[in-house]
Amino acid sequence: MRKLVTALAVLLLVTACGIQPTVVVPAGPAPTALGPSARANQLTLYFLVDGQLAPVVRSWGSPVSPELAVNELFQGPTPAEQESGYYSLLFPGKGQVTINTTSVPPTVTIPFSIKPLYLGVDQVVCTTVAAMSAAGLPVDLRGVSVVTPDSRIGPALCTF
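Just so you know, the sequence shown maps onto residues -19 to -1, 1 to 141 in mature numbering (1 follows the signal peptide of the UniProt record, and there is no 0).
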């Protein structure tokens, strides 16, 4: 009987350790398990909704390259996406964005100045990583560097 009382006391102490319950924290959409061939014609761009990064997936008529994706990102959300609350901190500039996917880490070169807003840089980094993955290119675990005429950022990770 004494062992039973001791075991119950220990069990009571272990189960009542003072940890308070917490609410569920939303973490965004679940990742998908599409292979590169299924994603090759999907353009995933990262815009903002209510101040948070959010992916927008567009069907595309041909395979998507990282350069195409990031240049499309700078065009901003479509009118339909804007009606759904999507917006961008990035604005179109003069010249084409280029991406060196063979450098370590990959480097996005933007030929015009962008304000170093963290979410704007995250838009570029996450869109680049999504496009590289869709194109079947290896994604460096250290992230992506972003170079503009007035700054060098990174390597930065997609923190979505």
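We put the beta carbon where it would ideally sit given N, CA and C, even for glycine.
{"Item": "Supposed contact pair V37 and E62 - C-beta distance, whole angstroms, cut 8 angstroms", "Value": "6 angstroms"}
{"Item": "Where P136 sits in the DSSP three-state scheme", "Value": "strand"}
{"Item": "Given 8 angstroms, three or more beta-carbon pairs between the stretch 40 to 57 and the stretch 94 to 114", "Value": "yes"}
{"Item": "Under the three-state DSSP convention, the category V102 falls into", "Value": "helix"}
{"Item": "For D121 and V85, believed in contact at Cβ under 8 angstroms, the rounded distance", "Value": "6 angstroms"}
{"Item": "Identified DSSP bridge partners for A35", "Value": "F28"}
{"Item": "CB-CB length for residue 205 against P58, believed under 8 angstroms", "Value": "Residue 205 is absent from the structure shown; the chain starts at -19 and stops at 141."}
{"Item": "Cβ-based neighbour list, Y67, same chain, cut-off 8 angstroms, excluding 5 preceding and 5 following", "Value": "F28, L29, V30, A35, V37, P58"}
{"Item": "With 16 other Cβ atoms within 10 Å as the buried cut-off, status of G124", "Value": "buried"}
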